[in-house]
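Below: the structure, in structure tokens.
Residue numbers (the working numbering): 4 to 162.
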């Protein structure tokens with residue numbers, strides 16, 4: 004199903020086309036021209052977590068093996084770590100998201116990005132991520148698995 008803005012949706016959650024998704028960690032990824040990957044919380048993640056209270060990413064320059072935390076997030080309904088499925092170095096963190104973590108709820112696909120990572124030589128992020136129809140199917144299954152009805156868009160929500 005498409006939203007009025009033309010973005011694909013699953014039960015009122017935006018799943019913008021053109022992005023890659025880790026449907027287990029509920030992260031979106033966008034490959035940048037320089038080879039880095041920008042990442043943030045998906046609409047489903049910000050809904051399930053509730054208001055994000057703290058965003059503590061690893062500092063730029065930190066190498067993180069696959070599966071090791073790259074950020075700690077504290078939200079109204081959740082406390083946990085963000086992990087990548089591939090080896091990478093934290094290239095840049097979003098200072099706005101650290102100072103105003105609620106941006107992860109308000110603008111999950113825009114100003115609320117968490118960090119940019121530079122995949123390690125030989126790492127292939129695409130093999131750990133899903134896009135297009137595959138991501139939509141995975142998110143539909145996740146909603147069924149967790150018994151979620153709809154995403155809740157915060158006041159001022161924007162892509």
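Glycine residues also receive a C-beta, built at the ideal position from the N, C-alpha and C atoms.
Counting only the same chain and skipping the five closest in sequence on each side, list residues whose C-beta sits under 7 Å from that of residue i.
{"i": "residue 28", "result": "85 and 86"}
Express the C-alpha separation of residue j and residue i in angstroms, rounding to a whole number.
{"i": "residue 76", "j": "residue 139", "result": "25 Å"}
{"i": "residue 134", "j": "residue 102", "result": "30 Å"}
{"i": "residue 78", "j": "residue 50", "result": "10 Å"}
{"i": "residue 22", "j": "residue 47", "result": "15 Å"}
{"i": "residue 19", "j": "residue 63", "result": "27 Å"}
{"i": "residue 111", "j": "residue 54", "result": "12 Å"}
{"i": "residue 97", "j": "residue 44", "result": "13 Å"}
{"i": "residue 141", "j": "residue 31", "result": "13 Å"}
{"i": "residue 82", "j": "residue 72", "result": "13 Å"}
Closest to residue i by CA distance: which of the options is it?
{"i": "residue 59", "options": "94, 53, 33 and 104", "result": "104"}
{"i": "residue 99", "options": "118, 82 and 91", "result": "118"}
{"i": "residue 70", "options": "21, 25 and 142", "result": "25"}
{"i": "residue 126", "options": "113, 144 and 91", "result": "91"}
{"i": "residue 17", "options": "128, 109 and 56", "result": "109"}
Use the C-beta contact count for residue i: other C-beta atoms within 10 angstroms, 16 or more gives buried, fewer gives exposed.
{"i": "residue 4", "result": "Unreliable positioning characterises residue 4 in this predicted model, as indicated by a pLDDT of 42, which lies under 50. The coordinate reading is nonetheless provided below. Classification of residue 4: exposed, given that the 10 Å Cβ count is below 16."}
{"i": "residue 107", "result": "buried"}
{"i": "residue 66", "result": "exposed"}
{"i": "residue 137", "result": "exposed"}
{"i": "residue 124", "result": "exposed"}
{"i": "residue 144", "result": "exposed"}
{"i": "residue 115", "result": "buried"}
Leaving out five residues before and five after residue i in sequence, what residues of the same chain have Cβ atoms less than 6 Å from its Cβ?
{"i": "residue 131", "result": "88 and 89"}
{"i": "residue 39", "result": "94, 119 and 121"}
Within a Cβ cutoff of 8 Å, which residues of the same chain sit near residue i, ignoring the five residues on either side of it in sequence?
{"i": "residue 74", "result": "58, 59, 60, 61, 84, 85, 117 and 118"}
{"i": "residue 147", "result": "none"}
{"i": "residue 35", "result": "41 and 119"}
{"i": "residue 68", "result": "90"}
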